[in-house]
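**Student:** Residue numbers for the sequence shown follow the numbering used here, so the first one is 383 and each next one is one higher. Just so you know, even glycine gets a beta-carbon here, dropped at the ideal spot from N, CA and C.
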Amino acid sequence: MHAFAPIVVLALALITFCAVAPKARAQWIADRAEIVERYTGLTTLLLSGLILYWLARLLVLQSAFVRLIQN
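1) Quick check: the Cα distance between V402 and L437, rounded to an integer number of angstroms?
2) Spatial neighbours of A387 within its chain, please: C-beta separation below 7 angstroms, excluding the five flanking residues on both sides.
3) In the structure shown, what three-state DSSP assignment does P404 receive?
4) Distance check for H384 and L450, CA to CA, integer angstroms please.
5) Once DSSP output is grouped into helix, strand and coil, what is the label at V423?
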């Protein structure tokens, strides 16, 4: 499993819930998400982590990357 799979599943579940929830509930969740992002910089942390994860994979598993490109 990919290291970021649980985060993506959680985000997709939250987006799906907001798509079918009443507008007031979806707005409340959006407001809370904005507060969390504003105070933690969560998006920057996740994107930085994803870049570091892929760089580590490229450095450690170079042969797998070469095979992926060649096929």
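**Tutor:** Taking the definition as stated:
1) In a straight line, the C-alpha of V402 is about 37 angstroms away from that of L437.
2) Within the same chain, A387 has no close Cβ partners at all.
3) Reduced to three states, the DSSP call for P404 is coil.
4) C-alpha separation (whole angstroms): 16 angstroms.
5) Reading the sequence as shown, one finds Gly at residue 423 and not Val. G423: coil per DSSP, three-state reduction.
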